[in-house]
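Residue numbers (the numbering used here): 7 to 472.
This is the structure:
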């Protein structure tokens, strides 16, 4: 009763999640007791995670006891219809190092840069992942790709392969360049058990949706998919031999998601900081990326102001998502509360803002945030215009006002990586790789211009493996 009162008080006062933790020091424990300790750590179904740390005298089969106890405890949680929470299962000291290999989540690690482990028995993340690969705890290799057409320019293969390498995952990310999405979905690559997901870009973001078994709320609302995640689905069927128990089969479930909106939302949110976003956001274009932009803008609490050279398309978006339509860019000068401008047009459109709008903003010393979704070239005509016109205000740091497409690319890529792997993405590695490939127009370290390629259709629908 005292514990429940404490939990209720903590949940009322704080937004933190609760971890039930129990350490057994210098005493051996049997499996049954370990399971009971995990059940106590669940805090009667109120904990968000349970952690049990055991002690053993020497390396033996008991070095997996904490892990086995966690599995049993989770099975009992399901049976008793309690929330299924992650179980952190560790054994102290060097004799318990194998428990750190087995533990599936939130494993404490030391760092390569430290002269000695942060605690006895701790391993680096690289050591843990390498051991898991060698012991085949990690499926090797899993296959990922970017699905699109005319995608030689894409930096996604370099970005994701660098990320996989950084966390020691033996995964492979390639290009799938096809005119029709059916060529891809009919391929052996797509049907293989090793295929675990893909990025999706133009022109397949909407045509891939019919092949998804499930859509995330974001993908459903936006109406386009830029990420496919392959998940295992356990299917129960009546046993043919007459047993009461059902036979269980593993089936794959294709989940469609959209991280494009996160690629815009996260940089914009950083620029606003603690300041509450107010006013309107001009979104130029009416394609799939514009739909994601509207979703992101509304998440920030801004009003979408839509412009497209075909007004009917902009109006269709306004009818679907809300917001209003700007009939002419000349009318932009009359908009007094525009705090964000997002261009979703291809860089070949050479989009720029009317000089009258910029002059008014400068006279008012009124900075606003601009975002161009294009990452090649690194500096588009639109970005160059803003840097030139607002040089006196921005000084040497234009990043407070300007968001390049390269930043959107790594941000949406981070979202994809975490959906696929269910682990924290190596953010700095992905950012550095994107910038290196966007700023350097030539191949790096002997690589070719386009990076890895799976298949391409030079003149038809025949898949060519390369």
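The beta-carbon is built from N, C-alpha and C at its ideal position, and this holds for glycine as well.
Check: Could you tell me the alpha carbon to alpha carbon distance between residue 12 and residue 161, rounded to whole angstroms?; Outcome: 51 Å
Check: Measuring CA to CA, which of 371, 386 and 370 is closest to residue 377?; Outcome: 386
Check: I'd like the span of the beta strand (DSSP E) that includes residue 143, first residue to last.; Outcome: Premise fails: residue 143 is in no beta strand (DSSP E) and is neither H nor E.
Check: Rounded to whole angstroms, what is the Cα-Cα separation between residue 443 and residue 380?; Outcome: 14 Å
Check: Alpha carbons only, please: which of 96, 159 and 150 is nearest the one belonging to residue 129?; Outcome: 96
Check: Three or more beta-carbon pairs under 8 Å between the stretch 300 to 317 and the stretch 197 to 206, yes or no?; Outcome: no
Check: Give a yes or no on whether the C-beta atoms belonging to residue 127 and residue 62 are separated by under 8 Å.; Outcome: no
Check: Tell me, please, whether the stretch 161 to 171 touches the stretch 135 to 146 by the rule of three or more beta-carbon pairs shorter than 8 Å.; Outcome: no
Check: Report the CB separation of residue 1 from residue 294 in whole angstroms; it is logged as a contact under 8 Å.; Outcome: There is no way to answer for residue 1, as the model of the chain reaches only from 7 to 472.
Check: Check for me: the beta strand (DSSP E) holding residue 18 runs from which residue to which?; Outcome: Looking at the DSSP string, residue 18 is not in any beta strand (DSSP E); the run it does join, the alpha helix (DSSP H), is 8 to 19.
Check: Assuming residue 393 and residue 408 form a contact by the criterion Cβ under 8 Å, report the distance between their Cβ atoms to the nearest whole angstrom.; Outcome: 7 Å
Check: Just how far apart, CA to CA, sit residue 36 and residue 70?; Outcome: 12 Å
Check: Hey, out of 92, 173, 194 and 279, whose CA is closest to residue 55's CA?; Outcome: 92
Check: Buried or exposed: residue 370, going by 16 or more other Cβ atoms within 10 Å of its Cβ?; Outcome: exposed
Check: Taking the C-alpha atoms as reference points, what is the distance between residue 212 and residue 234?; Outcome: 12 Å
Check: Tell me residue 233's beta-bridge partners as DSSP assigns them.; Outcome: 205 and 263
Check: If you drop the 5 nearest sequence neighbours on each side, which residues of the same chain put their C-beta closer than 8 Å to that of residue 358?; Outcome: 387, 388 and 391
Check: If you follow the alpha helix (DSSP H) that residue 225 is part of, which residue opens it and which one closes it?; Outcome: 223 to 228
Check: Determine, using beta-carbon pairs with one atom in the stretch 265 to 285 and one in the stretch 321 to 330, whether at least three such pairs fall under 8 Å.; Outcome: no
Check: Could you tell me if residue 265 is buried or exposed, where buried requires 16 or more neighbouring beta carbons within 10 angstroms of its beta carbon?; Outcome: buried
Check: Go to residue 301, then tell me how far its alpha helix (DSSP H) extends in each direction, as first and last residue.; Outcome: 294 to 306
Check: Between residue 187 and residue 214, is the Cβ-Cβ spacing less than 8 Å?; Outcome: yes
Check: Does the beta-carbon of residue 282 have 16 or more other beta-carbons within 10 angstroms, so that it is buried, or is it exposed?; Outcome: exposed
Check: I'd like the list of long-range same chain contacts for residue 382, defined as Cβ closer than 6 Å, with 5 residues on each side in sequence excluded.; Outcome: 159
Check: Return yes when the Cβ of residue 435 is within less than 8 Å of the Cβ of residue 412, no when it is not.; Outcome: no
Check: Can you check whether the CB of residue 375 is closer than 8 Å to the CB of residue 346?; Outcome: yes
Check: Quick check on this structure: which residue in 398, 279, 110 and 29 has the alpha carbon closest to the alpha carbon of residue 367?; Outcome: 398
Check: By Cβ distance, which residues of its chain are closer than 8 Å to residue 26, with the 5 residues on each side in sequence left out?; Outcome: 46, 47, 48, 49, 53, 55, 56 and 57
Check: By DSSP's criteria, residue 309 is part of a beta bridge. Which residues make up the other side?; Outcome: 286
Check: Please tell me whether residue 195 and residue 149 are closer than 8 Å, where the distance is taken between their beta carbons.; Outcome: yes
Check: Quick check on DSSP: helix, strand or coil for residue 348?; Outcome: strand
Check: Take residue 372 as the anchor and find which of 189, 395, 261 and 353 has the nearest alpha-carbon.; Outcome: 395
Check: To the nearest angstrom, how far is the alpha carbon of residue 22 from that of residue 438?; Outcome: 32 Å
Check: When you compare each of 193, 433 and 426 to residue 202 by their alpha carbons, which one comes out closest?; Outcome: 426
Check: Name the two residues that bound the continuous beta strand (DSSP E) containing residue 76.; Outcome: Not the beta strand (DSSP E): residue 76 falls in the alpha helix (DSSP H), residues 71 to 85.
Check: When you compare the CB positions of residue 72 and residue 40, do they come within less than 8 Å of one another, or not?; Outcome: yes
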